[in-house]
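Q: Sharing a structure with you now.
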Amino acid sequence: MKRDFISLYDYTPEELRWLLERAKWLKERSRRGESWRPLEGKTLAMIFEKPSTRTRVSFEVGMFQLGGHALYLSSQETQLGRGETIADTARVLSRYVDAIMIRTFEHTKVEELARFSSVPVINGLSDLLHPCQVLSDIFTIWEKLGRYEGVRVAYVGDGNNVANSWINGALRMGMELRIACPRGYEPNGEILERALREGARVTVSSDPREALRGAEVLYTDVWASMGQESEREERLRVFRPYQVNQELLEFAGQEILVMHCLPAHRGEEITDEVIDGPYSVVFDQAENRLHVQKAILEFLMR
Ligand code: CP
Ligand code: NVA
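Heads up, the sequence shown is in numbering that gives the first Met the number 0, so the first residue is 0 and it goes up one at a time.
Written as structure tokens, this is what we have:
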């Protein structure tokens with residue numbers, strides 16, 4: 000049976016722990032300059048319907064380092080952009096490649112691709128979820144604090160794909176998540192309710208200071224995600240009180256890891272002073288995408 004990587008919810012805590020351990024092993028190995036090429040002769044197709052810097056480069060470099068090959072397919076330059084169905088694309092790509100990564104809008108497209116593919120499908124971001132990001136964020140927290148279980152994370156900003164994946168991540172890894180977002184911009188209700196039913200320690204409020212109390216991590220993301228460009232002006236206004244700035248950081252009153260999945264809109268959801276400041280780990284966080292995705296690729300394709 001093939002496995003996909005579509006949501007952190009689909010993985011057991013043991014499997015996620017294995018991925019984190021493997022990522023650590025892969026990172027240490029690459030630091031020592033030792034190669035590890037378990038995916039020789041294997042190909043990953045990467046379908047992008049939205050732009051990307053980190054996801055594209057880390058998957059492509061990761062495949063290369065593991066001995067395999069990655070193909071970049073923009074939907075505009077393939078027949079997908081001319082109306083070939085996801086199902087047919089899945090069936091055809093499955094005959095050529097060993098796994099498919101997709102970044103798209105509707106989450107149902109990722110699920111459909113997985114349903115019709117005979118090879119593993121990886122969610123490289125949908126409007127609903129960004130699981131590769133959050134697994135790698137948990138890795139960064141583990142690396143910096145030496146633990147993740149019980150760590151209190153304050154997520155301040157939009158209840159978007161990253162926030163939704165954080166809910167799943169907190170549920171599976173036993174982390175405490177406090178989300179602060181404006182009313183009307185809460186995370187996905189079904190994902191939240193399911194997590195709460197299953198015992199997740201997650202709260203949602205509209206008060207960033209409340210979320211920050213006792214937190215060891217302060218996380219934020221853009222106010223207008225890809226596909227929401229037309230709402231930008233309205234969102235800039237609504238989200239203003241949720242900016243991660245020096246004042247908010249001082250309210251934390253203790254050392255805190257400042258995280259952002261990037262790209263950042265400096266001066267909007269986060270100030271230069273904070274993202275370039277001593278608590279920020281955003282570039283280590285970006286680097287870790289590579290190591291964690293190599294673990295995911297190895298898990299799915301080996
Ligand atoms: N964080 C992240 O996924 O970045 P990209 O959009 O550059 O891939
Ligand atoms: N929430 C952002 C994440 C970008 C990596 C978006 O979907 O655009």
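A virtual CB, placed ideally from N, CA and C, is assigned to each residue, including glycine.
Would you identify the three-state DSSP class for Tyr-147, choosing helix, strand or coil?
A: It is coil, neither helix nor strand.
Q: Determine the contact status of Thr-202 and Val-155, defining contact as a CB-CB distance below 8 Å.
A: No, they are not a contact pair.
Q: Do you know how far the Cα of Tyr-95 is from the Cα of Lys-1?
A: So the alpha carbons of these two residues sit roughly 16 Å apart.
Q: In three-state DSSP terms, what is Arg-301?
A: Arg-301: coil per DSSP, three-state reduction.
Q: Could you say which of Ser-229, Glu-233, Met-258, Gln-253 lies nearest to Val-243 if we only look at CA atoms?
A: Ranking the options by Cα distance to Val-243, first place goes to Met-258.
Q: What is the DSSP secondary structure of His-290, counted as helix, strand or coil?
A: Here His-290 sits in helix by DSSP.
Q: Using the Cβ count rule (16 or more neighbours within 10 Å means buried), how would you classify Gly-64?
A: Residue 64 is actually Gln in this sequence, not Gly. Gln-64 should be labelled buried.
Q: From this set, Gly-276, Lys-23, Val-56, which residue's C-alpha is nearest Ile-140's C-alpha?
A: It is Lys-23 whose Cα lies nearest to the Cα of Ile-140.
Q: Quick one: give me the first and last residue of the alpha helix (DSSP H) that Thr-107 is part of.
A: Per DSSP, Thr-107 belongs to the alpha helix (DSSP H) from 106 to 115.
Q: Have a look at Ser-74 and Gly-80 and give me their C-alpha separation to the nearest angstrom.
A: Going from the Cα of Ser-74 to the Cα of Gly-80 covers about 5 Å.
Q: For Asn-163, I'd like the list of residues in its chain whose CB is within less than 7 Å of its CB, leaving aside the five on either flank, ordered along the chain.
A: Contacts found: Leu-127, Leu-128, Pro-186, Asn-187, Ile-190.
Q: Taking 7 Å as the cut-off, is the C-beta of Ser-229 nearer than that to any heavy atom in the ligand NVA?
A: For the ligand NVA, not one heavy atom lies less than 7 Å from the Cβ of Ser-229.
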